[in-house]
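Novice: My questions will all concern the structure given below.
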Amino acid sequence: MESSIGTGPTARSKSADFRHSGGERRVQLRTAICWAFALLLIAAGAKAEGPLSGALDAALDVRALRNAQVGALVVARGDGRLLYARSPDRALIPASNQKILTAVAALRAFGPTHAFPIGVYSDAPPDAEGSVANLYLQATGDPSLTSEDYWRFAADLRMAGLRSVRGDLVIDDTAFDAERWNPTWGPISSRAYHAPVGAFTANYGAFTVVVVPAANSGDRVTVRVDPPVPYLRVVNKALTSSRRKQSRLTVKRSLEADHEQIEVGGNLRVGSEPAVFRRSVEDPVGYAAAVLRMQLEANGITVAGEDRLGVAPESAPELLLFAAHPVSEIVRLFMKYSNNGMAESLVKALGARASGAPGSWANGIPALSQELTAIGVPMDGMRIVDGSGLSYDNRVSPRQLVAALRIADASFAMAPEFAASLPVSGADGTLEKRVEDAVGAARAKTGLLTSVTALSGHAMLSDGTEVVFSVMVNDFRSIAERAMDALDHFVVVLSQATATGADGTGAAAAAKAGSH
Numbered sequence: 000m001e002s003s004i005g006t007g008p009t010a011r012s013k014s015a016d017f018r019h020s021g022g023e024r025r026v027q028l029r030t031a032i033c034w035a036f037a038l039l040l041i042a043a044g045a046k047a048e049g050p051l052s053g054a055l056d057a058a059l060d061v062r063a064l065r066n067a068q069v070g071a072l073v074v075a076r077g078d079g080r081l082l083y084a085r086s087p088d089r090a091l092i093p094a095s096n097q098k099i100l101t102a103v104a105a106l107r108a109f110g111p112t113h114a115f116p117i118g119v120y121s122d123a124p125p126d127a128e129g130s131v132a133n134l135y136l137q138a139t140g141d142p143s144l145t146s147e148d149y150w151r152f153a154a155d156l157r158m159a160g161l162r163s164v165r166g167d168l169v170i171d172d173t174a175f176d177a178e179r180w181n182p183t184w185g186p187i188s189s190r191a192y193h194a195p196v197g198a199f200t201a202n203y204g205a206f207t208v209v210v211v212p213a214a215n216s217g218d219r220v221t222v223r224v225d226p227p228v229p230y231l232r233v234v235n236k237a238l239t240s241s242r243r244k245q246s247r248l249t250v251k252r253s254l255e256a257d258h259e260q261i262e263v264g265g266n267l268r269v270g271s272e273p274a275v276f277r278r279s280v281e282d283p284v285g286y287a288a289a290v291l292r293m294q295l296e297a298n299g300i301t302v303a304g305e306d307r308l309g310v311a312p313e314s315a316p317e318l319l320l321f322a323a324h325p326v327s328e329i330v331r332l333f334m335k336y337s338n339n340g341m342a343e344s345l346v347k348a349l350g351a352r353a354s355g356a357p358g359s360w361a362n363g364i365p366a367l368s369q370e371l372t373a374i375g376v377p378m379d380g381m382r383i384v385d386g387s388g389l390s391y392d393n394r395v396s397p398r399q400l401v402a403a404l405r406i407a408d409a410s411f412a413m414a415p416e417f418a419a420s421l422p423v424s425g426a427d428g429t430l431e432k433r434v435e436d437a438v439g440a441a442r443a444k445t446g447l448l449t450s451v452t453a454l455s456g457h458a459m460l461s462d463g464t465e466v467v468f469s470v471m472v473n474d475f476r477s478i479a480e481r482a483m484d485a486l487d488h489f490v491v492v493l494s495q496a497t498a499t500g501a502d503g504t505g506a507a508a509a510a511k512a513g514s515h
């Protein structure tokens, strides 16, 4: 792909900024003051005592978390009264609990209905045959577009009269800078969670490889790639092995001049189930352009030229303004499934909104922090370097996460959308197969890095009391599954407790006794 990348903001941006009225600002300021006062009261209180605290202490005093740094806070959802605290102001690596802050900031800044459209332009309107010279696409940073969305995009262009492009498919992705991975992440793998960040993407910057054994030992395996675009070219070096040999497959990808090479090596035993791998691309723009081209062709629209970077002429007429998903849906997707690239795209979008294009980590992180400060999240000791939590340089305390959760919960502007974005225990998202002893009793964001795990959100106690909680663990030495199990058990204990007891005999029993 050519590198004729434009610089700075373009005059064509159709993405309107979300603006609050003065009245709304005053309401938010009063809300921030109220929350700050409530947090001071919580901070001033002594550690809660009683059966609930004893039960939660026991849940955290397990071998899997021995010698680890642990911080936890549980408060009543309604009045914020302290129910449990354990080093709640300890600044810890939050892992993907960082996404809570990103979600709150994005919903507050843009509003749940805002979208990031793609503007489509041509040198002149389609002629009598539906043909144009070049087709220009100006992206504004929607990270949620999939192959299915691009089919709808192509179908809308056909409805607008487009049938063929005599020249090139020209992509303008200058809404964001060209830094694809945060520099604090360290070595970047080809795993899907390390997908690159760009203003023009497809399928979250990832693709799927399916490897199927042949019927006979010694024969090549079959390799299928989804989506089946020529941009992803397979080099198949893997063989089918006998049943006696253990399967060992490798899937590597490398960026070439005009495509990405997917090399599959190793072996897969006869009779094995298909092996499935999720991998990221290196060039998000080249990949997304290939997906769009595939869907244009599926809708009977041909492109004679190549895919390249560029900027639409100022005089080019608009053919289409395509907006697929609002911010509420983007937040739901990246929170439910902990999608890193989507979180980072929102950080860069915040930067572009605050400072003008291109959005970057350099202007996005301060913009994120400003949004949190404006709604009253306590920032002392917090360190934010990315939006996803992949960096080990982030630092957040349980009290700060609880504050963000409570502020979002009390906000008319975002509460329903934010609550709907949290995974439900034992039911969906990253909690689908976790906290299965308390199905539906918690809505919480997970977090996991090497030696780091966290869980923060809402839970319901057995007496109907709703709570907001955060529990974070750094430097555990056990295997990750055992550390996660410990946090799951913490939530189970919460769900089986009452606001004043851990055995179901607290507030509920007292109320029953008082009714006689």
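Position 239 of the sequence shown, counting from 1, maps to 238 under numbering that gives the first Met the number 0, and the rest follow consecutively. Glycine included, C-beta positions come from ideal geometry on N, C-alpha and C.
When you compare the CB positions of phenylalanine 199 and alanine 138, do they come within less than 7 Å of one another, or not?
Specialist: Their beta carbons are under 7 Å apart, which means phenylalanine 199 touches alanine 138 by this criterion.
Novice: Output yes or no for whether 7 Å exceeds the beta carbon distance between alanine 337 and arginine 252.
Specialist: As written in the sequence, residue 337 is serine, which differs from the alanine given in the question. Taking 7 Å as the Cβ cut-off, serine 337 and arginine 252 do not qualify as a contacting pair.
Novice: Would a C-beta distance cut-off of 7 Å place arginine 162 and asparagine 298 closer than the cut-off?
Specialist: no
Novice: Rounded to whole angstroms, how far is the Cβ of alanine 441 from the Cβ of alanine 458, which I believe are closer than 8 Å?
Specialist: 4 Å
Novice: Hey, glutamate 517 and arginine 76: beta-carbon distance below 7 Å or not?
Specialist: An answer regarding residue 517 cannot be provided, because it is not within the stretch 0 to 515 covered by the chain.
Novice: Within 10 angstroms of the Cβ of arginine 331, are there 16 or more other Cβ atoms? Answer buried if so, exposed if not.
Specialist: buried
Novice: Between the Cα of leucine 400 and those of Met471, Ala177, Glu416, Asp167, spot the shortest distance and give me the residue it belongs to.
Specialist: Met471
Novice: Can you tell me where the alpha helix (DSSP H) with lysine 347 in it begins and where it stops?
Specialist: 339-354
Novice: Please classify aspartate 225: is it buried, with 16 or more other beta-carbons within 10 angstroms of its beta-carbon, or exposed?
Specialist: exposed
Novice: Out of Ala418, Arg394, Trp360, Val395, which has the shortest C-alpha to C-alpha gap to arginine 405?
Specialist: Checking every option, the nearest Cα to that of arginine 405 belongs to Ala418.
Novice: With H, G and I counted as helix, E and B as strand and the rest as coil, what does DSSP make of leucine 400?
Specialist: helix
Novice: Which residue's Cα is closest to the Cα of leucine 91: Asp474, Leu493, Leu486?
Specialist: Of the candidates Asp474, Leu493, Leu486, the one whose C-alpha sits nearest the C-alpha of leucine 91 is Asp474.
Novice: Return helix, strand or coil for aspartate 516, following the three-state DSSP convention.
Specialist: The structure shown does not extend to residue 516, since the chain spans only 0 to 515, so no value can be given for it.
Novice: Could you give the residue range of the alpha helix (DSSP H) that holds glutamate 328?
Specialist: Start and end: 326-335.
Novice: At which residues does the alpha helix (DSSP H) containing lysine 251 begin and terminate?
Specialist: Element bounds for lysine 251: not the alpha helix (DSSP H) but the beta strand (DSSP E), 247-254.
Novice: Which two residues bound the contiguous beta strand (DSSP E) that contains phenylalanine 276?
Specialist: 274-279
Novice: If we require 3 or more residues per run, which beta strand (DSSP E) segments fall completely within the region 68-118?
Specialist: Inside the region 68-118, DSSP marks whole beta strand (DSSP E) runs of 3 or more residues at positions 68-75, 81-85, from first to last along the chain.
Novice: With glycine 456 as the anchor, note down where its beta strand (DSSP E) starts and where it stops.
Specialist: 451-459
Novice: Can you list, in chain order, the residues of its chain whose CB lies under 6 Å from that of glycine 166, leaving out five sequence neighbours each side?
Specialist: Ala132, Asn133, Gly304
Novice: Answer yes or no: do glutamate 317 and tyrosine 149 have a C-beta to C-beta separation smaller than 7 Å?
Specialist: No.
Novice: Determine the extent of the alpha helix (DSSP H) in which methionine 293 is found, giving its start and end residues.
Specialist: 283-297
Novice: Pick helix, strand or coil for threonine 239, following the three-state DSSP scheme.
Specialist: strand
Novice: By how many angstroms is the C-alpha of valine 269 removed from the C-alpha of aspartate 155?
Specialist: 45 Å
Novice: Can you check whether the CB of arginine 398 is closer than 7 Å to the CB of leucine 72?
Specialist: yes
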